[in-house]
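Final position of the sequence shown in this note's numbering is 175; the numbers increase by one with none missing.
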Amino acid sequence: MLFCLGSGSCGSSRFGDWIKLNGRTKLYNRFSGYRLMTVKVAGMWELGWSAPITEYDLWDMVIRDFCVDEFYMSPVSGIQRTVTEVPDITDAIAANPNLVVVFVDEHADIPLADFVHPKDALYVFGKATCSAFLSMKRENDLAVRIETNSGSVGLLWAPQAVAIILYDRLVKSWR
């Protein structure tokens, strides 16, 4: 079984074929031609310690490797990259009414080990210094936490959390 590799390689999985479209690799059903899932990511620039132009590379490597459909960041910084900048995270959520919103937050009730990823999702990440807006969680939204070995509230950088969540999604999709 092959899957999307960071080099941009394409292959097949039991779910369909990975093909390159508009510079991004996507999973399509080999029989119907329809995309099998939609995965989007929204986050916040760390603005206090790093410039968005520098931080962008940390996010983009993970976004490309896991074939994310769209990548939102807040607030608008003006960088000219393959990221959709929005004034506020709520704008990214509002732009995706058909996706299940998944907040990744250290205070969420569901540990990642027990989490079932929705087929079509918008994963929302906060900054290392603030949570992913659990107060904005609506009735049908989900929230998941990444547990650490220490058992305490972990302090993961958002791009690290993105990699963990998307890898978990990939591995669980093989089952």
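Yeah, the Cβ is synthetic: ideal placement off N, Cα and C, and Gly gets one too.
- DSSP, reduced to helix, strand and coil, places P159 within a helical segment of the structure shown.
- Residue nearest to N96 within the set D60, V104, K40 and R169 is K40 (criterion: CA-CA distance).
- When C-alpha distances from I79 are compared across D57, R64, E70 and D88, the shortest belongs to D57.
- CA-to-CA, the gap between V76 and E85 works out to about 5 Å.
- Each residue's CA atom was taken as its position, placing F103 and T54 some 24 Å apart.
- With fewer than 16 other Cβ atoms inside 10 Å of its own Cβ, Y167 counts as exposed.
- Around the beta carbon of D65, 16 or more other beta carbons lie within 10 angstroms, which makes this residue buried.
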